[in-house]
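In the working numbering, the protein residues as written are 15 to 344. What follows is one structure encoded as structure tokens, with my remarks underneath.
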């Protein structure tokens with residue numbers, strides 16, 4: 015209220031100054047003609063009273079108009095051409111500028127959405143089409159079990175994962191989503207992700223420790239598996255010897271713990287940021303900085319809390335709280 019009153023008085027400052035000037039002129043005239051001061055004070059009181067009444071009426075209208083404009087602000091993007099009828103030439107000029115800017119913003123927004131959708135369609139089509147030659151190459155490499163073919167298969171697997179990452183990046187950034195929440199046996203989802211990365215564990219001779227769980231979770235199968243696969247991918251990538259352990263607590267907190275190189279303490283708070291690779295990524299020179307970022311984005315959409323603890327040289331543990339406290343089946 016104080017702010018609105020200040021703006022009102024600032025808007026009426028010239029009227030108030032003119033009013034005060036009139037009082038001074040009347041006082042001089044009354045004094046020149048030797049009119050009694052009682053008459054001056056009586057006339058001044060009437061003028062002040064009338065002025066205060068008019069100012070009060072104008073203040074109430076000013077506040078009412080301000081409230082109406084504030085309501086209008088919430089829908090200005092859609093209703094910039096249906097503003098209040100201008101009361102002054104200045105308001106009319108401003109409304110014309112607002113209308114021109116509104117139409118221009120709408121044109122730019124439409125052009126951007128069209129261009130963005132075209133790009134998304136292109137990359138989605140590319141990602142789906144590239145899967146065919148990848149599958150063919152995998153079949154060719156499996157025909158002969160040699161060390162060279164195993165190395166090529168591992169690199170081809172990485173290519174396939176990067177393609178999947180592109181698709182996931184597009185889907186998570188889309189205004190629509192394909193989430194389907196159902197009750198799933200957590201053990202089956204974990205085993206599904208483990209089977210996918212089993213060749214990588216075997217090739218690097220990394221031991222995998224996992225005890226089956228009878229827990230069930232309310233989630234989206236595809237996206238939870240995507241998160242698990244990204245975490246397993248990081249565990250395999252940064253573990254050169256030792257083991258990776260997967261555990262599930264009674265509170266449905268799933269933890270993937272590795273004995274890898276760990277994460278520097280100064281990097282740990284930023285590992286879920288987009289494009290952040292940290293010291294390990296700069297050393298490895300193969301990190302995209304998107305895996306954990308996309309995992310965090312997917313986890314947020316699934317209502318899963320994701321956290322990490324790590325010690326350089328001792329390994330990393332990333333936990334997923336799958337308790338589904340805020341999720342319900344519709």
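Every residue gets a Cβ at the ideal spot worked out from N, C-alpha and C, and that includes glycine. Here the structure is a predicted model, which is why all the values come from computation and not from measurement.
Taking each of 268, 292, 263 and 288 in turn and checking the Cα distance to residue 277, the smallest one comes out for 292. In this structure, DSSP gives residue 116 a helical state, which the three-state scheme calls helix. Assigned with DSSP and collapsed to three states, residue 329 falls in strand. When DSSP reads this structure, residue 197 sits in a beta bridge with 232.
Taken atom to atom, the span from the alpha-carbon of residue 265 to that of residue 306 is near 23 Å. Counting along the chain, residue 221 sits inside no alpha helix (DSSP H); it lies in the beta strand (DSSP E) bounded by residues 221-224. The region 175-195 makes contact with the region 304-318; the number of CB pairs closer than 8 Å reaches 3 or more. In the three-state DSSP reduction, residue 29 falls in the helix class (H, G or I). The beta carbon of residue 275 lies closer than 6 Å to those of 252 in the same chain, with the five residues before and after it left out. Judged by DSSP in its simplified three-state form, residue 337 adopts coil rather than helix or strand. Contact check for residue 183 and residue 308: beta-carbon distance about 6 Å, within the 8 Å limit, so the pair qualifies. Setting aside the 5 residues that flank it on each side, residue 221 is surrounded in the same chain by 257, each with a C-beta closer than 6 Å to its C-beta; the list follows chain order. About 19 Å separates the beta carbons of residue 207 and residue 170, which is beyond the 8 Å limit, so they are not a contact pair.
Between residue 270 and residue 260, the gap from beta carbon to beta carbon is short of 7 Å. Bounds of the alpha helix (DSSP H) holding residue 314 are 305-316. Within the same chain, Cβ atoms closer than 6 Å to the Cβ of residue 224 are found at 260, the five residues on either side in sequence being excluded. Counting only the Cα atoms, residue 172 lies some 16 Å from residue 241. Annotation: the region 114-192 contains the following complete segments of the alpha helix (DSSP H) (minimum length 4 residues), in chain order: 161-187.
Contact between residue 58 and residue 37 holds: their C-beta atoms lie close to 6 Å from each other, under 8 Å. Exposed is the label assigned to residue 102, since fewer than 16 other Cβ atoms lie within 10 Å of its Cβ. Beta-carbon to beta-carbon, residue 235 and residue 211 are separated by about 17 Å, too far to satisfy the 8 Å threshold. In the three-state DSSP reduction, residue 322 falls in the strand class (E or B).
Only residues of its own chain outside the window of five on either side were considered, and among them 44 have a CB closer than 8 Å to the CB of residue 53, listed in chain order. Bridge pairing for residue 271: 259 and 331 [DSSP].
In the three-state reduction of the DSSP assignment, residue 59 falls in the helix class, which pools H, G and I.
Contact annotation: residue 203 and residue 238 have beta-carbon atoms nearer than 7 Å.
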